[in-house]
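S.K.: As given, the protein sequences belong to chains A and B, one line each in that order.
Numbering-wise (this note's numbering), the first sequence opens with residue 1 and increments by one.
Numbering-wise (this note's numbering), the second sequence opens with residue 260 and increments by one.
Even for Gly, the Cβ is constructed at its ideal location relative to N, Cα and C.
The structure presented is a predicted model; accordingly, all values stated were derived computationally and were not measured.
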Amino acid sequence: MSTPKPKPKLAVWKFSSCDGCQLSLLNCEDELLALANEIDFANFPEASREVIPGPYDLSLVEGSITTRHDLERIQEVRRQSKYLVAIGACATAGGIQALRNFKDVKGFLDVVYANPEYIETLATSTAISDHVRVEFELRGCPVNKHQLLEVIIAFLRNRRPDIPTYSVCVECKQRGTACVMVTRGTPCLGPVTQAGCGAICPTYNRGCYGCFGPAETTNLPSLGNQLFAGGMAREEWSRLLQTFNANAPAFKRECAPHD
Amino acid sequence: MTESAKTKTIKVDYLARVEGEGALELTVREGALTDVRLKIFEPPRFFEALLRGRDFKEAPDITARICGICPVAYQMSAVHAMENALGVTVGGALRDLRRLLYCGEWISSHALHIYLLHAPDFLGYPSAVAMAKDHPTVVENGLKLKKTGGRLMSLVGGREVHPVNVRVGGFHRLPGKSEMRAIIPDLERARDIARGTIRWTATLNFPDFEQNYTFVSLAHPEEYPMNEGRVVSNRGLNIAVTDFDKHFEEIHLSHSHALHCLLQNDGQPYHVGPMARYALNSQLLPAEIRAEARNAGLGAVCNNPFRSIIVRSVETLYACEEALRIIQSYEPPEKASVEIKARAGTGRAATEAPRGILYHRYEIDESGSILDADIIPPTSQNQKMIEEDLWKYTPRFLSQPDDKIREEAERAIRNYDPCISCATHFLKLTVDRA
Numbered sequence: 001m002s003t004p005k006p007k008p009k010l011a012v013w014k015f016s017s018c019d020g021c022q023l024s025l026l027n028c029e030d031e032l033l034a035l036a037n038e039i040d041f042a043n044f045p046e047a048s049r050e051v052i053p054g055p056y057d058l059s060l061v062e063g064s065i066t067t068r069h070d071l072e073r074i075q076e077v078r079r080q081s082k083y084l085v086a087i088g089a090c091a092t093a094g095g096i097q098a099l100r101n102f103k104d105v106k107g108f109l110d111v112v113y114a115n116p117e118y119i120e121t122l123a124t125s126t127a128i129s130d131h132v133r134v135e136f137e138l139r140g141c142p143v144n145k146h147q148l149l150e151v152i153i154a155f156l157r158n159r160r161p162d163i164p165t166y167s168v169c170v171e172c173k174q175r176g177t178a179c180v181m182v183t184r185g186t187p188c189l190g191p192v193t194q195a196g197c198g199a200i201c202p203t204y205n206r207g208c209y210g211c212f213g214p215a216e217t218t219n220l221p222s223l224g225n226q227l228f229a230g231g232m233a234r235e236e237w238s239r240l241l242q243t244f245n246a247n248a249p250a251f252k253r254e255c256a257p258h259d
Numbered sequence: 260m261t262e263s264a265k266t267k268t269i270k271v272d273y274l275a276r277v278e279g280e281g282a283l284e285l286t287v288r289e290g291a292l293t294d295v296r297l298k299i300f301e302p303p304r305f306f307e308a309l310l311r312g313r314d315f316k317e318a319p320d321i322t323a324r325i326c327g328i329c330p331v332a333y334q335m336s337a338v339h340a341m342e343n344a345l346g347v348t349v350g351g352a353l354r355d356l357r358r359l360l361y362c363g364e365w366i367s368s369h370a371l372h373i374y375l376l377h378a379p380d381f382l383g384y385p386s387a388v389a390m391a392k393d394h395p396t397v398v399e400n401g402l403k404l405k406k407t408g409g410r411l412m413s414l415v416g417g418r419e420v421h422p423v424n425v426r427v428g429g430f431h432r433l434p435g436k437s438e439m440r441a442i443i444p445d446l447e448r449a450r451d452i453a454r455g456t457i458r459w460t461a462t463l464n465f466p467d468f469e470q471n472y473t474f475v476s477l478a479h480p481e482e483y484p485m486n487e488g489r490v491v492s493n494r495g496l497n498i499a500v501t502d503f504d505k506h507f508e509e510i511h512l513s514h515s516h517a518l519h520c521l522l523q524n525d526g527q528p529y530h531v532g533p534m535a536r537y538a539l540n541s542q543l544l545p546a547e548i549r550a551e552a553r554n555a556g557l558g559a560v561c562n563n564p565f566r567s568i569i570v571r572s573v574e575t576l577y578a579c580e581e582a583l584r585i586i587q588s589y590e591p592p593e594k595a596s597v598e599i600k601a602r603a604g605t606g607r608a609a610t611e612a613p614r615g616i617l618y619h620r621y622e623i624d625e626s627g628s629i630l631d632a633d634i635i636p637p638t639s640q641n642q643k644m645i646e647e648d649l650w651k652y653t654p655r656f657l658s659q660p661d662d663k664i665r666e667e668a669e670r671a672i673r674n675y676d677p678c679i680s681c682a683t684h685f686l687k688l689t690v691d692r693a
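(1) For B:C561, go through chain A and note every residue whose CB falls closer than 8 Å to its CB, in chain order.
(2) Under the DSSP definition of a beta bridge, which residues are partnered with A:Q194?
(3) Quick check on the burial criterion: 16 or more other C-beta atoms within 10 angstroms. Buried or exposed for B:D624?
(4) Taking C-beta pairs closer than 7 Å, name the residues in chain B that A:K14 reaches, listed in chain order.
(5) How long is the line joining the alpha carbons of B:E509 and B:G526, rounded to whole angstroms?
(6) Apart from the five residues on each side of it in sequence, which residues of its chain come closer than 8 Å, Cβ to Cβ, to B:G312?
(7) Compare the C-beta of A:I52 with all C-beta atoms of chain B and state if any pair is closer than 7 Å.
(8) Name the chain B residues that come within less than 7 Å of A:E38, Cβ to Cβ?
(9) Going by other Cβ atoms of all chains shown within 10 Å of its Cβ, with 16 needed for buried, is B:P466 buried or exposed?
(10) On the three-state DSSP scale, how would you describe A:E62?
(11) Does the contact criterion of 3 or more C-beta pairs under 8 Å hold for the segment 433-445 of chain B versus the segment 399-416 of chain B?
(12) So, using beta-carbon positions, are A:G190 and A:V168 closer together than 7 Å?
(13) Residue range of the alpha helix (DSSP H) that B:N554 falls in?
(14) DSSP three-state call for A:N101: helix, strand or coil?
(15) Between the C-alpha atoms of B:G488 and B:H530, what's the straight-line distance to the nearest angstrom?
(16) Look at the alpha carbon of B:I634 and the alpha carbon of B:L617, and state the distance between them as a whole number of angstroms.
(17) To the nearest angstrom, how far is the alpha carbon of B:R571 from that of A:T92?
(18) Is B:A578 close to chain E, meaning its C-beta is less than 7 Å from at least one C-beta of that chain?
(19) Can you say whether A:Y166 is buried or exposed, counting buried as having 16 or more other CB atoms within 10 angstroms of its CB?
(20) Check each residue of the segment 415-433 of chain B: if its Cβ is closer than 7 Å to any Cβ of chain A, include it; give the result in chain order.
(21) Identify each residue in the segment 197-226 of chain A for which the Cβ-Cβ distance to at least one residue of chain B is less than 8 Å, and report them in chain order.
(22) Using alpha carbons as the reference points, say which of B:T460, B:T322, B:D662 and B:A608 lies closest to B:A499.
(23) Across which residues does DSSP place A:K9 in a beta bridge pair?
(24) Between the beta-carbon of A:S59 and the beta-carbon of B:P385, is there less than 7 Å?
(25) Less than 7 Å between CB atoms is the rule here; does A:H258 satisfy it with respect to chain B?
(26) Would you mind sorting A:F228 into buried or exposed? The rule is 16 or more other CB atoms within 10 Å of its CB.
(27) If I follow the unbroken alpha helix (DSSP H) through B:L477, where does it start and stop?
(28) Extract the residue ranges of the beta strand (DSSP E) inside the segment 571-613 of chain B, only unbroken runs of 3 or more that lie entirely within it.
(29) Could you name the residues of the same chain whose beta carbon sits closer than 7 Å to that of B:C579, not counting the 5 residues immediately before and after it, in chain order?
(30) Is the Cβ of A:A47 closer than 7 Å to any Cβ of chain B?
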């Protein structure tokens, strides 16, 4: 038997997050074993005890930066990674835990923990790209597992991932889903949210709530005015934008003057 | 060798094949175990604080983000707690659909743990991918089973991680009868795999480690518990979920970002999850499943945590059967949700996440704005129990190399399918033998 060519090494890193995005890799049930023939899961603690030392060809980073220790750890991850891809809303925008960025974190600690002096945390939750260079950001809360596979394969083949940056509206048109704003008057973030989920919410009779963050080109004030005309309060509009991608610049900007 | 005269610390810096980040520290002094610390170092995310001021209708979508492995559990506990606050009951086909969604999560989460996280311990592999080289059919079957659970979650919930279809009062959209029927062949295959899983896990080698646990789970008079029931134990506890706060207390220890939860009357740790549910409810399983459990060597109670892999398999078979039963009798109700109106109040609910009881309490004002939230995930409840197991299980390995101690300690932890993302972040093992 000839010596097999060494396989590229994949690492999966977790920062502050729910685990759902890295779980999406294990949710690729049909592709997982085939993928394992192409690459080594060299450092993927959720799936394996075995750790092959770096450097790594591709690092997938889930989660946001919320502790002093993680500030240092992400630098080390960057040093060990040829390509670094941030996956999911926490890694690309700070996640739901970035709501602390708009509040006093000391107050948050007191609410949750009886002995807040035991807890170490930063006052903010921030995206990976705020701290290190990233080769690509894959959006979503959670990421779409088919897009995740596309990103992995693209980097292994040295090409740009084919991930659209248009809005969820395009996906509704592709699916033939009737517009929930037009037909039912349901508030929907689809016009300003990046595609990727497959427009699930409108298909399930509800408005998009922004899991994939702002689309590449958005007109948030215009959508806001449309919703205000339909009777929505400014406060409610801000709340709609302040969820899993609250700290994404476009959403943050739109909320700022009204708060 | 002078090792026995010294103290040393054995550490597992990053627990593998668990959800989230945790560590373990064992201190060994003169050959005896003197301290055990299960550390949850996953950074806190402050859900209970960030829920304040949000609308009650947002709770299921926001709390789902606590855990990507069991988002349905969070959504179910959130909607039931809110409905409790609003004085609303959701019954009939909507209740069945919620149970169906939960079946999907049980199948998916249990299959993940049985095949990808737990089984490699018994067969001596670092991962399921490594195990697949020698046992391809086993791993492929596990993945098929897991996929069917995910498919069920997508059917009812819209997607498998953070479903979108759940709302206070019911759902946004009702699945059609034909969509539901289309999944039957997959579920029948999953049921066969699940039956095979029980038989296969029964053949594994288990360490001799019988314990005398205090088990706590929901119990319902007519069904194996998922969304409803009283909180009961094998020591005589039998309370309404609304009295949970009076009987359980959360404590905050310096070595953990998770809050430990203990029974208030005696300060003792307790065990939640599949083994607790099984011990307190196995009489409600269909006869055919009870027979499978019996043939797999399970009595009415299982007290060996290593054998939890068999109990999880039994519950997986039940979830497949239950899903088939619900789908076969499904008639879409007239409305996807019941009428909901905000009012001031406090609501409490507990449901059975794959890992055990998940308790939510919310206080809301008359406009529906959340004033206060309290969430107690299963892994914080099990954390103390896991430490107790480590106290009893690891001493038999202390004369062996540190790596062996680490491996065995990790196994003892993995028995609980701990979800550190839920309990905040989880495990490193340090063994201190100075």
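M.R.: By the coordinates alone:
(1) Translated into the one-based positions of the second sequence, residue 561 of chain B becomes position 302. Chain A residues near B:C561: none, gap ~25 Å exceeds 8 Å.
(2) Here the question's residue 194 of chain A lines up with position 194 in the first sequence. Paired residues: A:S167.
(3) The count along the second sequence starts at 1 and reaches residue 624 of chain B at position 365. Exposed is the call here.
(4) By one-based count along the first sequence, residue 14 of chain A stands at place 14. By Cβ distance, chain B contributes E280.
(5) To locate residue 509 of chain B, count along the second sequence from 1; it is residue 250. To locate residue 526 of chain B, count along the second sequence from 1; it is residue 267. For B:E509 and B:G526, the distance between alpha carbons rounds to 10 Å.
(6) Here the question's residue 312 of chain B lines up with position 53 in the second sequence. Result list for B:G312: S628 and I629, in chain order.
(7) By 1-based counting over the first sequence, the position of residue 52 of chain A is 52. It does not; no Cβ of chain B falls within 7 Å.
(8) Here the question's residue 38 of chain A lines up with position 38 in the first sequence. What A:E38 touches in chain B: nothing, since even the nearest Cβ is about 12 Å away.
(9) Residue 466 of chain B sits at position 207 when you count from the first residue of the second sequence. Counting Cβ neighbours within 10 Å, B:P466 comes out exposed, since fewer than 16 surround it.
(10) Taking the first residue of the first sequence as 1, we reach residue 62 of chain A at position 62. Look at A:E62 here: in three-state DSSP terms it is strand.
(11) yes
(12) Numbered from its first residue, the first sequence carries residue 190 of chain A at position 190. Numbered from its first residue, the first sequence carries residue 168 of chain A at position 168. In this structure, the beta-carbon distance from A:G190 to A:V168 falls below 7 Å.
(13) If you number the second sequence from 1, residue 554 of chain B lands on position 295. Run containing B:N554: A546 to N554, per the alpha helix (DSSP H) assignment.
(14) As a working mapping, residue 101 of chain A is identified with position 101 in the first sequence. Three-state DSSP puts A:N101 in a helix.
(15) For the purposes of this step, residue 488 of chain B is taken as the residue at position 229 of the second sequence. For the purposes of this step, residue 530 of chain B is taken as the residue at position 271 of the second sequence. Taking the straight line joining both Cα atoms gives about 17 Å.
(16) Here the question's residue 634 of chain B lines up with position 375 in the second sequence. Here the question's residue 617 of chain B lines up with position 358 in the second sequence. Counting only the Cα atoms, B:L617 lies some 7 Å from B:I634.
(17) Along the second sequence, one-based indexing puts residue 571 of chain B at 312. Along the first sequence, one-based indexing puts residue 92 of chain A at 92. Cα to Cα, the separation comes out at about 35 Å.
(18) The chain labelled as chain E is not found among the protein chains of the depicted structure, namely A and B.
(19) Numbered from 1 along the first sequence, position 166 holds the residue referred to as residue 166 of chain A. It is exposed - the Cβ of A:Y166 has fewer than 16 other Cβ atoms within 10 Å.
(20) Listed by position, the residues of the segment 415-433 of chain B near chain A (Cβ gap below 7 Å) are G417, R418, E419, V420, H421, V423, N424, H431 and R432.
(21) C197, I200, C201, T203, Y204, N205, R206, Y209 and C211
(22) The residue you call residue 499 of chain B lines up with position 240 of the second sequence. Nearest option by C-alpha distance: B:A608.
(23) On the first sequence, residue 9 of chain A is found 9 positions in, with the first residue counted as 1. The partner list for A:K9 (beta bridge, DSSP) reads A:D40.
(24) For the purposes of this step, residue 59 of chain A is taken as residue 59 along the first sequence, with counting starting at 1. For the purposes of this step, residue 385 of chain B is taken as residue 126 along the second sequence, with counting starting at 1. The answer is no: Cβ separation not under 7 Å.
(25) Counted from its first residue, the first sequence places residue 258 of chain A at position 258. Summary for A:H258: the model assigns pLDDT 49, below 50, so the residue's position carries little reliability; its value from the coordinates is reported in the next sentence. Not an interface residue.
(26) Stepping through the first sequence from its first residue, residue 228 of chain A is reached at position 228. Looking at its Cβ environment, which holds fewer than 16 other Cβ atoms inside 10 Å, A:F228 is exposed.
(27) What you label residue 477 of chain B is simply residue 218 of the second sequence in a count that begins at 1. From DSSP, B:L477 is part of no alpha helix (DSSP H) but of the beta strand (DSSP E) over V475 to A478.
(28) 604-612
(29) To locate residue 579 of chain B, count along the second sequence from 1; it is residue 320. Excluding residues within five positions, the ones whose Cβ falls inside 7 Å are I366, L446, A449, R450 and A453.
(30) Residue 47 of chain A sits at position 47 when you count from the first residue of the first sequence. Interface residue (Cβ-Cβ distance to chain B less than 7 Å): A:A47 is classified as such.
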